[in-house]
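Everything below concerns the one structure shown next.
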Amino acid sequence: MAALIVIHNFAVLGLFALENITMAEIFGSRNRFTRMAISKEAGGLVAVGFGPVLAGIFCNMTDSWLPILIMLVLYSCIGLISALLMPEVRDRDLSLPEDAAEATAAEKLRHSATQTS
Numbered sequence: 002m003a004a005l006i007v008i009h010n011f012a013v014l015g016l017f018a019l020e021n022i023t024m025a026e027i028f029g030s031r032n033r034f035t036r037m038a039i040s041k042e043a044g045g046l047v048a049v050g051f052g053p054v055l056a057g058i059f060c061n062m063t064d065s066w067l068p069i070l071i072m073l074v075l076y077s078c079i080g081l082i083s084a085l086l087m088p089e090v091r092d093r094d095l096s097l098p099e100d101a102a103e104a105t106a107a108e109k110l111r112h113s114a115t116q117t118s
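Quick note: the sequence shown, position 55, residue 56 per my numbering, numbers continuous.
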């Protein structure tokens, strides 16, 4: 039992710690709390709210556990794609009011303007 608690603390709770740090770096200081709350609650609603209901419906329709597997793979793919597409947040100043995506777009625009001139 103690080993299970240790594994849970390192695996699951460590994942939540990384998620919260990364989300704080993605959003600007102007709307950080609001955007973090909306994104966490929307994701939680889909994964934890509708997910078990849909899994139960699909399992009853197919008399198989494969819909649960498909849903888990789909959730994992969404997370992977999101991680690959998110802007770089390393060494980002957390006091900046704009989001990381806005800062990245502005930086690319400045970089392209200096190359053309």
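Glycine is no exception: its CB is placed at the ideal position from the N, C-alpha and C atoms.
Between the segment 78-98 and the segment 22-42 there are three or more inter-stretch CB-CB distances shorter than 8 Å, so the stretches are counted as touching. Secondary structure at Pro53: helix, using DSSP grouped into helix, strand and coil. In the DSSP annotation of this structure, the continuous segment of the alpha helix (DSSP H) that includes Arg36 starts and ends at 33-45.
Ala56 and Ile69 do touch by the CB rule: their CB atoms are close to 5 Å apart, below 8 Å.
Take Glu99, set aside five residues on each side of it, and the residues of its chain with a beta-carbon closer than 6 Å to its own are Gly29, in chain order. One alpha carbon belongs to Val7, the other to Leu14, and they sit about 10 Å apart.
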